[in-house]
Amino acid sequence: MAERKPDIDIRIARQSDISAIAAIEKESFSDPWSEHLFSEAISDATHFNLVMMLKEDLIGYIISTKLLPDCEIENIAIKSDLRGKGYGKILLNDFLDHVREAGATRVLLEVREGNKPARSLYESAGFKKDGVRPKYYIEPVEDAVLMSVDLTENKEGE
Ligand SMILES: CC(C)(COP(=O)(O)OP(=O)(O)OC[C@H]1O[C@@H](n2cnc3c(N)ncnc32)[C@H](O)[C@@H]1OP(=O)(O)O)[C@@H](O)C(=O)NCCC(=O)NCCS
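Those letters in the sequence shown? Residues 0 to 157, per numbering that gives the first Met the number 0, in order.
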């Protein structure tokens, strides 16, 4: 299992988490999801969504679709003042452990070409670049890098 930190809890996202999730989303993305989109994702059975709690505070989340054997990460973010401290890596590795146990064999995602912190995070969790989707993003226009990790391979570091 992923390394843990004291006072951290990772659990399934609930409707009551939406305003805290949306606040982090707003400070993280130039084209943020609305609360309505998060509400749909949380009530949709094909989604698998986790939140990271530091004591009573929601400090991060991951929203994904789980259509086994594949999962696709739609959003992941950590509260801006807590980035670079290892929380994103713990959340992502915990997510990968959960979906692997649920029968997923592959996790896919798209990331902005210039999003170095996110690309480093994914690479540190074993994701590899599969290709590029030109001009996929808006505000600003930017290429998407397509990445995936094969969960049937040995875990990173094992
Ligand atoms: C991407 C994000 C979730 C990473 O979370 P985090 O808690 O800051 O990441 P961590 O501290 O766990 O670091 C994970 C890895 O990324 C690397 N990393 C983190 N911040 C970095 C930065 N600013 N520049 C380069 N690498 C960075 C770390 O070195 C670490 O790799 P390592 O363990 O091999 O050393 C966070 O930066 C974030 O919320 N960004 C805004 C939202 C976003 O862009 N989401 C991704 C959309 S595809």
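Cβ coordinates follow ideal geometry from the N, Cα and C atoms, glycine included.
If you look at Arg118, you'll find it in the alpha helix (DSSP H) that goes 115 to 123.
The residues Phe47, Ser63, Lys65, Cys70, Val106, Leu150, in chain order, have a CB closer than 8 Å to that of Val98 in the same chain once the five nearest residues on each side in sequence are set aside. Exposure of Val140 is indicated by the presence of fewer than 16 other C-beta atoms within 10 angstroms of its C-beta. If you ignore the 5 residues before and after Val131, its C-beta comes within less than 8 Å of the C-beta of Glu112, Asp142, Ala143, Val144, Leu145, all in its own chain and listed in chain order. In the structure shown, the three-state DSSP call for Gly87 is helix. As computed with DSSP, Gly102 is found in no beta bridge at all.
At least one heavy atom of ligand 1 falls within 7 Å of the beta-carbon of Lys88.
In the three-state scheme derived from DSSP, where H, G and I count as helix and E and B as strand, Ser33 is classed as coil. Counting the other Cβ atoms within 10 Å of the Cβ of Asp93 gives 16 or more, which makes it buried.
Between Val110 and Ala103 the beta-carbon gap is near 19 Å, outside 8 Å, which marks them as no contact. Under the three-state reduction of DSSP, Phe47 is assigned to strand. Cβ neighbours of Ala40 within its own chain (closer than 7 Å, five residues either side excluded): His46, Asn48, Ile62. Annotation: the continuous alpha helix (DSSP H) that includes Ile23 extends over 17 to 27. Annotated three-state conformation of Ile41 is helix, per DSSP.
For Ile9, the closest alpha carbon among the candidates Gly59, Glu24, Leu108 is that of Gly59.
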